[in-house]
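Enquirer:
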Amino acid sequence: MKKILTTTALVAGMFAGGAQAQQSWNLQSTYPGSLPQLGTLGQRIADQITRITGGEIEVTFQNPGGVVPALEVFDAVGSGAVEAGWSTPGYWAGRVPALQLLAAVPFGPQAGEYLAWLKFGGGEEFLDELYEPHNIKSIICAVIAPEASGWFRNEITSVEDLRGLSMRFFGLGAKVMERMGVSTQLLAGGDIFPALELGTIDATEFSMPAIDLNLGFYQVASYYYFPGWHQQSTFFDLMINLDLWEELDEDTQFAIETVCDANIAYGLAEGEALQFDALRELEEEHGVNIRQWSDEDLAALEAAWDEVAAELVAEDEDFARVYESYTTFRQNYARWREIGYLD
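In structure tokens form, the structure reads like this:
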């Protein structure tokens, strides 16, 4: 802790001279600030940047719709309609399919391994390359541990029961579910409960227990499935208008990157600490039925993912390059994972 405080003090001291002209930024979020982790970590970023720059950049966190709707943040940052955005790269698959690999990967690594690839295996370089044509600078600013894999009205006895369902699902996992006969759609967090309640969708996944509890899905669907095979870890990023980023001096850029690195550690630790109380409340107070996929079900889902991945590699050159980097790193890392960790 002493070392972290010392580093923060040194970075903050860079701004004592007031060399950077004062700026006001809107940080448009895809998540409401009241949402544990997904929203609160974005608010923390806004507060920390304001503090670490001594107020020379005053960042205001905007809830979805504050300036633009949740799923329009990408375009708003690139155009300069807002200075910055808080989201996950996976929301922009329609623009840049390869960004999905820098958000969450089905049957992918836990947070430590995923961060290792990001920081030391080429992930950050791909992030810069993929966002640059859209006039966006992206910095990974949070990672969360495993999510749940779905809320269902009725018990799912095997993956065969998924066929014919309509479900909110995110990212690459949605393509796997479609392969299993599910009709999927991507909805922003605040739109999910009304769709579930009205029957527009039959089921949903969103995030971790503490986050899902906050959104009240248990009021409509009482069967809650684990593990989150589609998102064993998930990255979230701070998007900054690239023209604005390049106008910042190096000290300010370094300060923002330092805030993001600190937020990664803080958010991962916080997320792990929140889940057991949330699970207890869901089970004991709300009567939620916790279920786990069988080994056979997981094998079927993983086989479907392998097919989806092969198709995406064949369809998109950027996806193929990022996927090759990601899989090569995982293959190299496997030896360390096998001998260094307990099962």
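Taken in order, the sequence shown gives residues -21 to -1, 1 to 322; the numbers are from mature numbering (1 follows the signal peptide of the UniProt record, and there is no 0).
Backbone N, C-alpha and C fix where the C-beta goes; we use that ideal spot for every residue, glycine too.
Please read all numbers here as calculations on a predicted model, not as lab measurements.
1) For a test of the three-state rule: what should DSSP assign to residue 304, helix, strand or coil?
2) Can you tell me whether residue 327 is buried or exposed, with buried defined as 16 or more other CB within 10 angstroms of its CB?
3) Tell me the DSSP bridge mates of residue 37?
4) For residue 134, I'd like the list of residues in its chain whose CB is within less than 6 Å of its CB, leaving aside the five on either flank, ordered along the chain.
5) Kindly indicate which residue of 147, 234, 78 and 299 has the alpha-carbon position closest to the one of residue 215.
6) In angstroms with no decimal places, state the Cα-to-Cα distance between residue 29 and residue 68.
7) Per DSSP, what are the beta-bridge partners of residue 213 in this structure?
8) Just how far apart, CA to CA, sit residue 319 and residue 312?
9) Put residue 207 into one of helix, strand or coil per three-state DSSP.
10) Figure out for me which residue from 147, 223 and 129 has the closest Cα to the Cα of residue 269.
11) Quick one: using the 10 Å Cβ neighbour count with 16 as the cut-off for buried, is residue 276 buried or exposed?
12) Using only the alpha-carbon positions, how far apart do residue 120 and residue -1 sit?
13) Going by C-alpha distance, which of 175, 80 and 20 is nearest residue 240?
14) Identify every residue that forms a DSSP beta bridge with residue 130.
15) If you follow the alpha helix (DSSP H) that residue 156 is in, where does it begin and where does it stop?
16) Is it buried or exposed, residue 4, if we count other Cβ atoms within 10 angstroms and call 16 or more buried?
17) Taking residue 226 as the reference, give the member of 36, 162 and 16 with the closest Cα.
18) Please state if the CB of residue 32 and the CB of residue 6 are separated by a distance shorter than 8 Å.
19) Check the DSSP bridge columns for residue 65 and list the partner residues they point to.
20) Given residue 152, which residues of its chain have a CB within under 6 Å of its CB, disregarding the five upstream and five downstream residues?
21) For the alpha helix (DSSP H) that contains residue 243, what are its first and last residues?
22) Hey, out of 222, 46, 282 and 230, whose CA is closest to residue 111's CA?
23) To the nearest angstrom, how far is the alpha carbon of residue -13 from that of residue 244?
24) Please go through the same chain and pick out, in chain order, the residues whose beta-carbon is closer than 8 Å to the beta-carbon of residue 283, but skip the five residues on each side of it.
25) Measure from the alpha carbon of residue 306 to the alpha carbon of each residue in 76, 50 and 81, then state which is nearest.
26) Who does residue 268 pair with in a DSSP beta bridge?
27) Rounding to the nearest angstrom, what Cα-Cα distance links residue 56 and residue 304 in this structure?
28) Using a threshold of 8 Å, state whether the C-beta atoms of residue 185 and residue 271 are closer than that.
Expert: If we stick to the structure as given:
1) helix
2) The structure shown has nothing for residue 327, since the chain only spans -21 to 322.
3) 3
4) 202
5) 78
6) 24 Å
7) 123
8) 10 Å
9) coil
10) 129
11) buried
12) 24 Å
13) 20
14) 183 and 203
15) 150 to 158
16) buried
17) 36
18) no
19) 8 and 217
20) 85 and 209
21) 229 to 263
22) 222
23) Low per-residue confidence applies at residue -13: pLDDT is 48, beneath 50, and the placement is therefore not dependable, though the value from the model is reported in the following sentence. Approximately 18 Å between the Cα atoms of the pair.
24) 155, 158 and 159
25) 81
26) 202
27) 28 Å
28) no
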